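If you're matching positions, the sequence shown starts at 5 in my numbering and goes up one per residue.
In this text, a Cβ means the ideal position worked out from N, Cα and C, and glycines have one as well.
Everything numeric in this text was worked out from a predicted model, so none of it was measured.
Below you'll find the structure, written out as C-alpha cells, and then a few comments.
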Amino acid sequence: MECRLVDHGTPEYEATVSLRYEVLRKPLGLDFTPEQLAAEVTDLHCALWEFGIPEPLACLVLTPLSEGEIKMRQVAVRPDHQGQGLGRILVEFSETTARARGFTRMVLNARDTAVDFYLRLGYTIEGEPFTEVTIPHRRMAKSL
Ligand SMILES: CC(C)(COP(=O)(O)OP(=O)(O)OC[C@H]1O[C@@H](n2cnc3c(N)ncnc32)[C@H](O)[C@@H]1OP(=O)(O)O)[C@@H](O)C(=O)NCCC(=O)NCCS
Numbered sequence: 005m006e007c008r009l010v011d012h013g014t015p016e017y018e019a020t021v022s023l024r025y026e027v028l029r030k031p032l033g034l035d036f037t038p039e040q041l042a043a044e045v046t047d048l049h050c051a052l053w054e055f056g057i058p059e060p061l062a063c064l065v066l067t068p069l070s071e072g073e074i075k076m077r078q079v080a081v082r083p084d085h086q087g088q089g090l091g092r093i094l095v096e097f098s099e100t101t102a103r104a105r106g107f108t109r110m111v112l113n114a115r116d117t118a119v120d121f122y123l124r125l126g127y128t129i130e131g132e133p134f135t136e137v138t139i140p141h142r143r144m145a146k147s148l
C-alpha cells in the first residue's frame, strides 16, 4: 500500500473522481460539473493505492488558499475499507505533503458525521455549524 500524488487529467485522477463521486456525491443525488473538475488543475490530489489494484482505496484534494493556508476537501475512503486506519494514513500523508510545500495551516469543512474523525487527528472546531452540499458541516483547522 502507498500514498502518492496524482496528476490532474490522468487516468489515476479520473479514478479518484469516481471514488469521490461514489462516496460523497451520489448519496446526496449530486454530481461534479465539468467546470468544478477543470478548476481542480491547481489542486494537489492525494490518493492511497493497493499494489496491483487500479482504483484508489482512499483519496482527498488539497486546495491552496493563500501562501500559508491550504484546504483539505473531498476526503473519501472506499466503503468496504472504512474504519481500518486508511483515512488517518492519507490525511497524515496530505499534512506532510502540505508542510513540505511551506503551508503552515490546514483548514477543512467537516460533515457532522466526520467531525470526530478529524478531532482524533488533531483538528479543532472553529465557529458555528453551517450547511454545505445540503448537509450540516463544521469548520475545522490544524497547525501544520
Ligand atoms: C470519514 C472517513 C474519511 C474516515 O476514514 P476511515 O479510514 O474510515 O477512518 P480511520 O479508520 O482512519 O479512523 C481514524 C480514527 O478516527 C475514528 N473514526 C473514523 N471515522 C469516524 C467517524 N465517522 N466518527 C467517529 N470516529 C471516526 C476511528 O475510530 C479512528 O480512531 P482511533 O485512531 O482512535 O482508532 C471515511 O470513513 C469516509 O470516507 N466516510 C465517508 C465520507 C466522508 O464522510 N468523508 C469526510 C467528509 S468531510
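Check: Whole runs of the alpha helix (DSSP H) within the segment 51-109, excluding any shorter than 4 residues; Outcome: 90-104
Check: Start and end residues, alpha helix (DSSP H) containing Arg24; Outcome: Pro15 to Arg24
Check: Nearest neighbour of Asp47, chosen from Leu64, Gly56 and Ser22 [CA to CA]; Outcome: Leu64
Check: Option nearest Trp53 by Cα separation, candidates Leu90, Gly126 and Gln78; Outcome: Leu90
Check: Start and end residues, beta strand (DSSP E) containing Leu9; Outcome: Glu6 to Val10
Check: heavy atom of ligand 1 below 7 Å from Asp47 C-beta; Outcome: no
Check: Range covered by the alpha helix (DSSP H) that runs through Ala42; Outcome: Pro38 to Ala42
Check: C-alpha distance - Gly126 paired with Lys146, whole-angstrom precision; Outcome: 7 Å
Check: Contact between the segment 104-112 and the segment 6-23 (3+ Cβ pairs under 8 Å); Outcome: no
Check: Under the three-state DSSP convention, the category Ala28 falls into; Outcome: A small fix is needed here, since residue 28 is Leu in this sequence, not Ala. Helix, per DSSP.
Check: Gly126 CB to nearest heavy atom of ligand 1 below 7 Å; Outcome: no
Check: Alpha carbon of Cys50 to alpha carbon of Gly56, nearest angstrom; Outcome: 18 Å
Check: Phe121: CB within 7 Å of a non-hydrogen atom of ligand 1; Outcome: yes
Check: Nearest candidate by alpha-carbon position, reference Val137, set Tyr122, Asp116 and Leu148; Outcome: Asp116
Check: Between the CA atoms of Gly33 and Glu99 - distance to the nearest angstrom; Outcome: 30 Å
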